[in-house]
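Take a look at the structure set out below.
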Amino acid sequence: MVMQVLNADAIVVKLNSGDYKTIHLSSIRPPRLEGENTQDKNKKLRPLYDIPYMFEAREFLRKKLIGKKVNVTVDYIRPASPATETVPAFSERTCATVTIGGINIAEALVSKGLATVIRYRQDDDQRSSHYDELLAAEARAIKNGKGLHSKKEVPIHRVADISGDTQKAKQFLPFLQRAGRSEAVVEYVFSGSRLKLYLPKETCLITFLLAGIECPRGARNLPGLVQEGEPFSEEATLFTKELVLQREVEVEVESMDKAGNFIGWLHIDGANLSVLLVEHALSKVHFTAERSSYYKSLLSAEEAAKQKKEKVWAHYEEQPVEEVTPVLEEKERSASYKPVFVTEITDDLHFYVQDVETGTQLEKLMENMRNDISSHPPVEGSYAPRRGEFCIAKFVDGEWYRARVEKVESAAKVHVFYIDYGNREILPSTRLGTLPPAFSTRVLPAQATEYAFAFIQVPQDEDARTDAVDSVVRDIQNTQCLLNVEHLSAGCPHVTLQFADSKGDVGLGLVKEGLVMVEVRKEKQFQKVITEYLNAQESAKSARLNLWRYGDFRADDADEFGYSR
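The numbering used here puts the first residue of the sequence shown at 18, with every later residue one more than the last.
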């Protein structure tokens, strides 16, 4: 079985015996840099991305071979050679013809112009057993101008390596968090829980740490010291390698560490890798998993692994259960208000804001983007929208804005979300265009962030909700406010908003006007503010304002009014 593709002319296979072996494809040469001055001397060469057609060749092999069984016919062994002034040293190489489903992989590579055929002296018989077919495939590739033989411009892969770059990682984090599940390819496995990923949509490399688990640490070479690995660290690394290396996966990014590594969940064929490592007794559940939706799966996997008493649980002894009276840790309410600009109020009383601190960056980006678009306007009708894709959209004011396609009903009805303002619109595709890379979310993340009011219940009754929304629109839309995150929830963070000038609480104002009811929360840190909200609610009730104009309706017909007590 093929476990890894090395550049474009070699693969690592797992033999039936369980051993690993590197196999080089006979008589072919992978893409390489031509000439001496093609590479910037100050820039480190990354062969996979910097050598023309190397990435295409590797991807062809990766997609065809990874995880598949192949037939390997050894053609010759190339002996080890020492280094010379111009040629580096080579270790012994096993050169073979590799086939899958009757297709010679080397021939397929050559026919696509993704490798060339090595020429030999007439008396040198150390060559592929299908050498003539390779030559014929190369002749066809040259004739048809394929790949390396093409007269077109060579493909360029501008791949940003964010690994270990804390500043870039910080800028990129909100984008990945909002993206939910992102597609990725596992480029390297450092240990059981630490990997390097390539995100094709974002064209960047990141270091990714598996969330929710404590995986055995591997051996580390420190200055003047070799730190031994923890038991089962090698097994955990091998397990992760065999399962995900060079495979397409999905990742959910939750946070990042101080070194600029992203932390989250990785899914392979629908399975959560953190859960699989715990299940196979190669990791333990970390306490940080408690707030995750995968916590129950992790706990049940750990419980099953403990019972088997294998690997990391080999010496596990079940502890007698003691009755413990839980002590609730008292927290203080954190009030750290930051200035924001409210751009949109939704029909369900959520709202979108921009961070005032990054407002000038957005203004500059919009100005540059519009100048660029006026110089190179999109050809009307040339853009084919796809769900989830970022684009530019022409708003009713005639200006272009950054947007994301949410749904495509037809060419005349495309649902878009304006990512910097939070509003939505249905447009014909003729008013959409490709978002220029210079103004993508990697340059400046989407600026509109969604929030909901804390401590209030949104009316389910349509008329009552419309009254509340209209009041909020009048008071705060397109104005600067102060925002404090009170608590997190599944949808979006719940916050309190203050008017920038009077410092009055917007949500409390809605309660005072009888437009909404209070959501009572039991956390101790919120009791002071909840009391203030409840007092305001009693005042509104006494004055028979809005919701309370017919008295206290809650006892009999709360459901009719769209509330639950």
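Cβ atoms here follow ideal geometry from the backbone N, Cα and C, with glycine treated the same way.
Span separating the alpha-carbon of residue i from that of residue j
i: VAL344; j: GLY521; result: Caution is warranted here: a pLDDT of 45 is assigned to VAL344, below 50, making its placement in the model unreliable, and no coordinate value can be reported.
i: SER146; j: ALA306; result: 55 Å
i: LEU316; j: VAL302; result: 7 Å
i: VAL433; j: LYS424; result: 7 Å
i: VAL89; j: ILE179; result: 38 Å
i: PHE249; j: TRP330; result: 11 Å
i: MET71; j: ASP286; result: 27 Å
i: SER210; j: ASP36; result: 23 Å
i: PHE412; j: ARG387; result: 13 Å
i: LYS326; j: ALA318; result: 13 Å
i: ALA465; j: VAL370; result: 5 Å
i: GLY84; j: GLU265; result: 11 Å
i: SER559; j: LEU514; result: 25 Å
i: VAL537; j: GLY439; result: 29 Å
i: GLU555; j: LEU505; result: 27 Å
i: GLY405; j: TYR137; result: 51 Å
i: SER208; j: LYS185; result: 24 Å
i: LYS168; j: ARG79; result: 26 Å
i: PRO472; j: ASN289; result: First, the residue type needs correcting, since residue 472 is Phe and not Pro in the sequence shown. About 35 Å.
i: LEU214; j: LEU227; result: 12 Å
Three-state secondary structure (DSSP) of residue i
i: CYS509; result: coil
i: GLY563; result: As written in the sequence, residue 563 is Asn, which differs from the Gly given in the question. It is helical.
i: GLU53; result: In this predicted model, GLU53 has a pLDDT of only 48, less than 50, meaning its place in the structure is not dependable; the value taken from the coordinates is given anyway. Residue state, collapsed to three classes: coil.
i: LYS522; result: For clarity, residue 522 is Asp in the given sequence; the question names Lys instead. Looking at ASP522 - three-state DSSP - the assignment turns out to be strand.
i: GLU219; result: coil
i: MET18; result: coil
i: GLY164; result: helix
i: TYR468; result: strand
i: LYS301; result: strand
i: ARG195; result: helix
i: GLU555; result: helix
i: VAL171; result: coil
i: ARG404; result: coil
i: GLU231; result: strand
i: VAL396; result: coil
Limits of the beta strand (DSSP E) - the one that residue i falls within
i: PRO445; result: Premise fails: PRO445 is in no beta strand (DSSP E) and is neither H nor E.
i: VAL9; result: There is no way to answer for residue 9, as the model of the chain reaches only from 18 to 582.
i: VAL30; result: 27–31
i: TYR435; result: 430–435
Beta-bridge partners of residue i, as assigned by DSSP
i: MET534; result: GLN474
i: ILE159; result: Looking at the DSSP assignment, ILE159 forms no beta bridge with any residue, so it has no partner.
i: TYR418; result: ALA410
i: SER6; result: Past the boundaries of the shown model lies residue 6; the chain is included only from 18 to 582, so the question cannot be answered.
i: ASP178; result: LEU222
i: HIS41; result: ALA27, CYS112
i: VAL425; result: VAL431
i: PHE516; result: CYS498
i: LYS213; result: TYR205, THR224
N-terminal and C-terminal residue of the alpha helix (DSSP H) that residue i is part of
i: LEU589; result: No information on residue 589 is available, as it lies outside the stretch 18 to 582 that the chain covers here.
i: MET71; result: 71–82
i: THR496; result: That residue, THR496, is in no alpha helix (DSSP H); it is neither H nor E in DSSP.
i: PRO462; result: Neither: PRO462 is in no alpha helix (DSSP H) and is coded neither H nor E.
i: TYR66; result: 64–67
i: LEU260; result: 250–261
Checklist entry - In chain order, which continuous runs of the alpha helix (DSSP H) of length 4 or greater are located wholly inside the stretch 86–153? => result 122–128
Checklist entry - Which ranges would you report for the alpha helix (DSSP H) in the stretch 318–389 if only whole runs of at least 4 residues count? => result none
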